[in-house]
Amino acid sequence: MELIDTHAHIDGEEYAEDRKEMLARAKAAGVVQIIDFGDSMESSERAFALAEAEEMVFAGVGVHPEEAFPMTDADDERLADWTKSKKVVAIGEIGLDYYWEKDQEKREVQRKAFIRQLSLARALDLPVCIHDREAHGDMMSLLKTEGRKNRGVIHCFSGSLEMAVELLKLGWYLGIDGPITYKNAAKAPEIIRRLPADRILVETDSPYLSPQPYRGKRNEPAYVRATAEFAAMLRGEDAEAFALQTTKNARELYGIPEGV
372 MELIDTHAHI
382 DGEEYAEDRK
392 EMLARAKAAG
402 VVQIIDFGDS
412 MESSERAFAL
422 AEAEEMVFAG
432 VGVHPEEAFP
442 MTDADDERLA
452 DWTKSKKVVA
462 IGEIGLDYYW
472 EKDQEKREVQ
482 RKAFIRQLSL
492 ARALDLPVCI
502 HDREAHGDMM
512 SLLKTEGRKN
522 RGVIHCFSGS
532 LEMAVELLKL
542 GWYLGIDGPI
552 TYKNAAKAPE
562 IIRRLPADRI
572 LVETDSPYLS
582 PQPYRGKRNE
592 PAYVRATAEF
602 AAMLRGEDAE
612 AFALQTTKNA
622 RELYGIPEGV
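Per my numbering: the sequence shown = residues 372 to 631.
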C-alpha cells in the first residue's frame, strides 16, 4: 500500500522525543510522503526546516485562522521566500474558524488574512490548504469571489453533502481524516460514498484527530492507513486501489514526485 499523509503537523514539540521513530513507523505503514503544514509564521519556519531535513517530508506555509493577525507585505515576502524551495508545495493551513472565535472584529481579521493568503497563492501559482470550521457560509462566499482562481483542498471536510457537491463543481479537493471512523460521524459515510475518487485526499492532522482504534492517543502519519482503509470499506473499494488513487490525487494537486 502506498499512501501520502496530505496534512500533518509533525514539526512541533509533540514529536521532539521520537520524530525519527515516528517517521520510520509511517514508512512501515506504507506512507511514502507527508505534507507538514505550518499554522503560524513560527511553525511555518519549522515546517520548512523539517522538509529540508527529511526526504519524505514536504511543507506548506501559512497562517491558520486561530493565529490570524493583520499581515503585512513583509509577512507575504517571508512566506514567499520559503516557497522558493521545491520542498514547499502549498500555502496553508489558511482559512476561517468561527467555532472558538465569536468576536466579529476578530473574525474580520481572519477573513482579511485568508483573502491575503489566497492572493499570495495565486501570485505564486501554488495550491492552498483550507481550514473551515463553523464558517461554511462565509467560506463558500469567499471561495466564489476571492478564491475563484485558486486551487486546493478543503482540509478535514466537515460540511454537508450539498456543500461538497458545490465545492466539487468549483474544482476543489476534499480531505478526509480520522473522525470519519467515529461512531458519531453521522453525515460523513454518505458523503464519502458519493465523492468522486479523483477528488479525495487522505490526512491525519497529526497530532490531532486520531482514527479508531487509536482515538485518545497522539495521532501520527502511520495512522492515515486506518482512515484510508475505513474510507475504502465505506465505498466498497479495494483498500490498496483506493490508497493509490488518493496518492495520485495528492501528486497532481501538490506536484510531489514519486516517493523513495
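All residues carry an ideal CB built from backbone N, CA and C; glycine is no exception.
- At a Cβ-Cβ threshold of 8 Å, Ala593 and Ala397 count as neighbours.
- Contact between Pro578 and Gly549 is absent: CB atoms are separated by about 11 Å, not below the 8 Å threshold.
- Note on geometry: alpha-carbon atoms of Pro560 and Phe485 lie some 29 Å from one another.
- Distance from the Cα of Ala399 is smallest, within the candidate group Ile375, Asp407, Arg589, Val432, for Ile375.
- By the Cβ neighbour-count rule, Arg565 is exposed, with fewer than 16 other Cβ atoms within 10 Å of its own.
- DSSP, reduced to helix, strand and coil, places Gln404 within a strand of the structure shown.
- Between the alpha carbons of Arg449 and Pro441 lies a gap of roughly 15 Å.
- Beta-bridge partners assigned by DSSP to Tyr544: Val524.
- In this structure, Thr454 and Leu497 form a Cβ contact; the two beta carbons are roughly 6 Å apart against a cut-off of 8 Å.
- Within the same chain, and ignoring the five residues on either side of Ala610 in sequence, the residues whose Cβ sits closer than 8 Å to its Cβ are Met372, Ala599, Glu600, Ala603, Met604.
- Taken in chain order, the complete beta strand (DSSP E) segments of 3 or more residues contained in the stretch 403-460 are 428-432.
- The residues Ala379, Ile381, Asp382, Ala418, Leu421, Val428, Ala430, in chain order, have a CB closer than 6 Å to that of Asp407 in the same chain once the five nearest residues on each side in sequence are set aside.
- Taking 8 Å as the cut-off, the beta carbon of Leu513 is found no closer than this to the beta carbon of Ile562.
- 8 Å or more divides the Cβ of Ile571 from the Cβ of Leu538.
- Within the DSSP bridge table, the entry for Ser577 names Ala379 as partners.
- Judged by DSSP secondary structure, Asp503 falls within the beta strand (DSSP E) whose first and last residues are 499-504.
- Taking every protein chain shown into account, the CB of Gly508 has fewer than 16 other CB atoms within 10 angstroms, so this residue is exposed.
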